[in-house]
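Undergrad: Take this structure, written in structure tokens, and hold onto it; I'll ask about it next.
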Amino acid sequence: MKDIIALLKKGSMASLTASIVNFFIAGLKGVAFILTANVAMFAEMMHSIGDALNQLFVFIGSGLSKKAPTERFPFGFGRLVNLVLLFAVIIVGILAYETIREGLHHILEPLPVETDTTMLLINIGVLAIAAVLETFVLYKAGKELLQQADMPYDGLKPITTSFANMDRAKPATKLVFLEDAVATGGAIFAIIAILVARFTGFSQSEGIASVIIGLAMFYIVYKIFMENAAGALGEHDPRMEERVSQIVLRHDEIKDIRKLFVMKEGDNLHAEVVAEIDPDLTSREVNRIRDEIEKLILKQQHVTDVNMEFELNDGKRTWPKTQDDLDRKPKY
1 MKDIIALLKK GSMASLTASI VNFFIAGLKG VAFILTANVA MFAEMMHSIG
51 DALNQLFVFI GSGLSKKAPT ERFPFGFGRL VNLVLLFAVI IVGILAYETI
101 REGLHHILEP LPVETDTTML LINIGVLAIA AVLETFVLYK AGKELLQQAD
151 MPYDGLKPIT TSFANMDRAK PATKLVFLED AVATGGAIFA IIAILVARFT
201 GFSQSEGIAS VIIGLAMFYI VYKIFMENAA GALGEHDPRM EERVSQIVLR
251 HDEIKDIRKL FVMKEGDNLH AEVVAEIDPD LTSREVNRIR DEIEKLILKQ
301 QHVTDVNMEF ELNDGKRTWP KTQDDLDRKP KY
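Residues in the sequence shown are numbered from 1 upward in steps of one, following UniProt numbering.
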């Protein structure tokens, strides 16, 4: 039991925070449904419960993926997080389908506009609180995302620059960030739709907002599914491969790179390097070179394992393809 708790402490804190907040929001929406008997609010409550359970599942999966390799699984459990997220996006896909279906139903058969001011204020108040809480989670997820991308995360950057750096974040953090971006925007859209329906009589506005939210959720399904399907199969990281090649070739004793790839293993990166050296070097010098280069590679973001081997210089240039790659100085 202690081992499981220790692993869970390494899980995605963004997922855990989002799960707790969404359970609280689901409770608020449940109270609003009891008070107003609004069917749309009941759907919102079920949506929040689905998000909360989904994010809790992602938190558990991201923690268990840190389990050390065993005799049966010698390569570790890194890809477990990819499998968990593939399951998670199925849930998101189901919620997206139901959201769009409900929205189309409201467009084709709109419900009477709510005229009771008290009921209207309760619905808007709950959605406003949900928007504020989701914005808080979005900010936390964006901050964690930028930290993982090794980018500045002060001020409003977790909201304004996170989208441009999503590809460099861990899969679980990326999912939570996208889900809460849609949830925050969805709450705001819902408030606008309710006000439009109330003051213009255009009751289809709520259905239109629901369809837009559902389509945004399908975007999450597409993006997360494609990335994690590739991760589960075993995907290389070209950006990190370029950085590792720069580190290796900057060493004075390295003449060329015969082979190099960086494999994504869930949240972590595994580097394989075969470099060329002069035949005059002693075994002690070769071991020193290996230790120096591996130490620098392991300092790179998300790199947890390096396997470096050497071949004798064959006099032929294999890596890099252009001189510009050699001239770029790596950041470490």
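Virtual Cβ for every residue (Gly too), placed ideally from N, Cα, C.
All figures in this text were calculated on a predicted structure; none of them were measured in a lab.
What are the boundary residues of the beta strand (DSSP E) that Ile277 is part of?
TA: Along the sequence shown, read from residue 1 onward, the residue named residue 277 stands at position 277. Note, Ile277: beta strand (DSSP E), Asn268 to Ile277.
Undergrad: Going by the CB atoms, is the gap between Gly11 and Gly50 shorter than 8 Å?
TA: On the sequence shown, residue 50 is found 50 positions in, with the first residue counted as 1. On the sequence shown, residue 11 is found 11 positions in, with the first residue counted as 1. No, the Cβ-Cβ distance between Gly50 and Gly11 is not below 8 Å.
Undergrad: Can you look up Met45 in the DSSP assignment and give me helix, strand or coil?
TA: As a first step, residue 45 must be located in the sequence shown, where it is residue number 45. It is helical.
Undergrad: For Val31 and Ile90, what's the separation of their Cα atoms in angstroms?
TA: The sequence position of residue 31 within the sequence shown is 31, counting from 1. The sequence position of residue 90 within the sequence shown is 90, counting from 1. Each residue's Cα considered, the two are about 28 Å apart.
Undergrad: According to DSSP, is Glu311 part of a helix, a strand, or is it coil?
TA: For this step, residue 311 is matched to residue 311 along the sequence shown. In this structure, Glu311 counts as strand in the three-state DSSP scheme.
Undergrad: Shortest alpha-carbon distance to Thr160 belongs to which of Thr135, Ala172, Ala183 and Lys170?
TA: Indexing the sequence shown from 1 puts residue 160 at position 160. Out of Thr135, Ala172, Ala183 and Lys170, Thr135 has the C-alpha closest to the C-alpha of Thr160.
Undergrad: In this structure, how does DSSP classify His236 when only helix, strand and coil are distinguished?
TA: Within the sequence shown, residue 236 is the residue found at index 236, counting from 1. Three-state DSSP puts His236 in a strand.
Undergrad: Just curious, the beta strand (DSSP E) that Leu260 is in, first and last residue?
TA: The count along the sequence shown starts at 1 and reaches residue 260 at position 260. Per DSSP, Leu260 belongs to the beta strand (DSSP E) from Asp256 to Glu265.
Undergrad: Give me the residue from Phe177, Ile208, Leu178 and Thr70 with the minimum Cα distance to Ile192.
TA: What you label residue 192 is simply residue 192 of the sequence shown in a count that begins at 1. Ile192 has its Cα closest to that of Ile208, out of Phe177, Ile208, Leu178 and Thr70.
Undergrad: Is the Cβ-Cβ distance between Glu276 and Asp314 less than 8 Å?
TA: The residue labelled residue 276 in the question sits at position 276 within the sequence shown. The residue labelled residue 314 in the question sits at position 314 within the sequence shown. Closer than 8 Å, so yes.
Undergrad: Alpha carbon to alpha carbon, what distance is there between Leu178 and Ser205?
TA: Translated into positions along the sequence shown, residue 205 becomes position 205. Translated into positions along the sequence shown, residue 178 becomes position 178. Looking at the two C-alpha atoms, the distance is approximately 24 Å.
Undergrad: Distance, Cα to Cα, Ala43 vs Gln301?
TA: On the sequence shown, residue 43 is found 43 positions in, with the first residue counted as 1. On the sequence shown, residue 301 is found 301 positions in, with the first residue counted as 1. Rounded to whole angstroms, Ala43 to Gln301 spans 41 Å at the Cα level.
Undergrad: Is the CB-CB distance between Ala181 and Leu138 below 8 Å?
TA: In the sequence shown, the residue the question calls residue 181 occupies position 181. In the sequence shown, the residue the question calls residue 138 occupies position 138. Result yes, Cβ atoms of Ala181 and Leu138 sit closer than 8 Å.
Undergrad: Taking its Cβ as the centre, do 16 or more other Cβ atoms sit within 10 Å of Val84, making it buried, or is it exposed?
TA: The residue given as residue 84 occupies position 84 in the sequence shown. Flag for Val84 reads buried.
Undergrad: Measure the Cβ-Cβ separation of Ala216 and Ala130 and say whether it is below 8 Å.
TA: Translated into positions along the sequence shown, residue 216 becomes position 216. Translated into positions along the sequence shown, residue 130 becomes position 130. Contact flag unset, no.
Undergrad: Output yes or no for whether 8 Å exceeds the beta carbon distance between Glu311 and Arg258.
TA: Here residue 311 corresponds to residue number 311 of the sequence shown, with the count starting at 1. Here residue 258 corresponds to residue number 258 of the sequence shown, with the count starting at 1. Contact: yes.
Undergrad: Can you list the alpha helix (DSSP H) stretches of 4 or more residues lying completely in the stretch 198-243, in chain order?
TA: 205-233
Undergrad: Counting along the chain, where does the alpha helix (DSSP H) carrying Gly76 start and finish?
TA: Taking the sequence shown and counting its residues from 1, the one referred to as residue 76 is at position 76. No alpha helix (DSSP H) contains Gly76, which DSSP labels as neither H nor E.
Undergrad: Which residues bound the alpha helix (DSSP H) around Leu138?
TA: Position 138 of the sequence shown, counted from the start, is the residue given in the question as residue 138. Its alpha helix (DSSP H) spans residues Thr117 to Gln148.
Undergrad: Pick helix, strand or coil for Leu326, following the three-state DSSP scheme.
TA: Along the sequence shown, read from residue 1 onward, the residue named residue 326 stands at position 326. Note that Leu326 scores 45 on pLDDT, short of 50, meaning its location in the model is unreliable; the coordinates nonetheless yield the value given after this. Three-state DSSP puts Leu326 in a helix.
Undergrad: Tell whether a beta-carbon distance below 8 Å holds between Phe77 and Ser65.
TA: The residue given as residue 77 occupies position 77 in the sequence shown. The residue given as residue 65 occupies position 65 in the sequence shown. In contact: Phe77 and Ser65 (Cβ atoms closer than 8 Å).
Undergrad: Spell out a yes or no on whether the stretch 112-121 and the stretch 255-273 are touching, meaning 3 or more CB-CB pairs, one atom from each, closer than 8 Å.
TA: Per the Cβ contact rule, the stretch 112-121 is not in contact with the stretch 255-273 (fewer than 3 Cβ pairs under 8 Å).
Undergrad: Are the stretch 286-300 and the stretch 229-244 touching by the rule of at least three beta carbon pairs closer than 8 Å?
TA: Yes, the stretch 286-300 touches the stretch 229-244.
Undergrad: Ordered along the chain, which non-local residues of its own chain (more than five positions away) have a Cβ less than 7 Å from that of Val286?
TA: The residue labelled residue 286 in the question sits at position 286 within the sequence shown. If we look at Val286 and ignore the five residues flanking it on each side, its Cβ neighbours are Ile277 and Phe310.
Undergrad: What whole-angstrom Cβ distance do Glu253 and Phe261 have, given they're in contact under 8 Å?
TA: The residue given as residue 253 occupies position 253 in the sequence shown. The residue given as residue 261 occupies position 261 in the sequence shown. That belief does not hold up - the Cβ atoms of Glu253 and Phe261 are roughly 22 Å apart, past 8 Å.
Undergrad: Which same chain residues, not among the five before or five after Met41, have their C-beta less than 8 Å away from its C-beta?
TA: Here residue 41 is taken as the residue at index 41 of the sequence shown, counted from 1. Lys29, Ala32, Phe33, Asn123 and Val126.
Undergrad: Which residue's Cα is closest to the Cα of Val92: Gln246, Ile213, Lys264 and Ala230?
TA: By one-based count along the sequence shown, residue 92 stands at place 92. Looking at the Cα atoms, Ile213 is the closest of the given residues.
Undergrad: Determine the burial state of His47: buried for a count of at least 16 other Cβ atoms within 10 Å of its Cβ, exposed for fewer.
TA: As a first step, residue 47 must be located in the sequence shown, where it is residue number 47. With 16 or more other Cβ atoms within 10 Å, it is buried.
Undergrad: Reducing DSSP to helix, strand and coil, say where Asp51 ends up.
TA: Looking up residue 51 in the sequence shown gives position 51. Under the three-state reduction of DSSP, Asp51 is assigned to helix.
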